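Q: Sharing a structure, written as structure tokens. Questions coming.
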Amino acid sequence: MPTDPFVATDLGDTPRHDQNLAAGVAVPAARRWVADRPGDLHGGQPRGDLLGAPGPNVGYALRLAHRAADRMALAPHEHLDDATSVVGEVAMKRAASFGRAPVGDDVECAMLLLGYQGGCAPDFAAWRADLVHRAHHDYRVRRTICDGVDLDVLREAPGSLVGRIEPLRRDVRARVEARVAAT
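Numbering (this note's numbering), first residue to last: 18 to 200.
What follows is the structure, encoded as structure tokens:
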């Protein structure tokens, strides 16, 4: 295999990174970084409706949602792309609230709260199908649903939600309907 002529063949030949400064001149200390570029945030991350929750590698939640697609119980006329995009967004919100990348429990919690694991009331499934229609292509729809899910409930373990899931789904529905009415 040929070797790049700029790669040292012996560790003793590695560069030493000596500065080319005049004798008696020291390397100046690094200056403090300041957010002065046009795209930098001043005052921290903005919060509010439709702004989302930034976190590390949150896009991986969409991959996890697509992996769980074969287990999603869809209502009649509900599209899988719409369901996976909404589940992914809710999972992103949950993962970001913990300050970590998404994991399988984030998707399970989102599927449980939105009734995609099956066993939800038929009227909730019909309402959800109407709500998520074209969510795959509409950021506002996805963010409205995510903003309607209570973060305190979302941060709980999926197993602790099972016994009281119907009242939680009614709460999600009421919150989302209030947000839809406000816009």
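Idealized CB from N, CA, C, for every residue including glycine.
From a predicted model like this one, the values you see are computed outputs, not experimental measurements.
1) Could you tell me whether any Cβ in chain C is nearer than 9 angstroms to the Cβ of Q134?
2) Looking at the unbroken alpha helix (DSSP H) that takes in A195, where does it start and where does it end?
3) Under 8 angstroms by Cβ, that's how I've got P119 and A108 pegged, so tell me the actual separation to the nearest angstrom.
4) Relative to the C-alpha of A112, which candidate in G76, V149, W144, R84 has its C-alpha closest?
5) Give me, in chain order, the residues of the same chain whose beta-carbon lies closer than 6 angstroms to that of V51; leave out the 5 immediate sequence neighbours on both sides.
6) In its own chain, which residues sit with a C-beta less than 7 angstroms from the C-beta of A78, not counting the 5 before and 5 after it?
7) Can at least three beta-carbon pairs, one atom from the region 83–93 and one from the region 128–144, be found at a separation below 8 angstroms?
8) Are the beta-carbon atoms belonging to I162 and L129 less than 9 angstroms from one another?
A: So, to answer that:
1) Of the protein chains in this structure there is only one, and it is not chain C.
2) From DSSP, the alpha helix (DSSP H) with A195 extends over 182–199.
3) Cβ atoms of P119 and A108 come within 8 angstroms of each other, at about 5 angstroms.
4) Ranking the options by Cα distance to A112, first place goes to G76.
5) Excluding sequence neighbours, V51 sits near nothing in its chain.
6) In chain order, G105, A108, M109, A112, P119, D123, V124 place their CB closer than 7 angstroms to the CB of A78, counting only its own chain and leaving out the 5 sequence neighbours on each side.
7) Touching, per the Cβ criterion.
8) Going by beta carbons, I162 and L129 fall outside the 9 angstroms limit.
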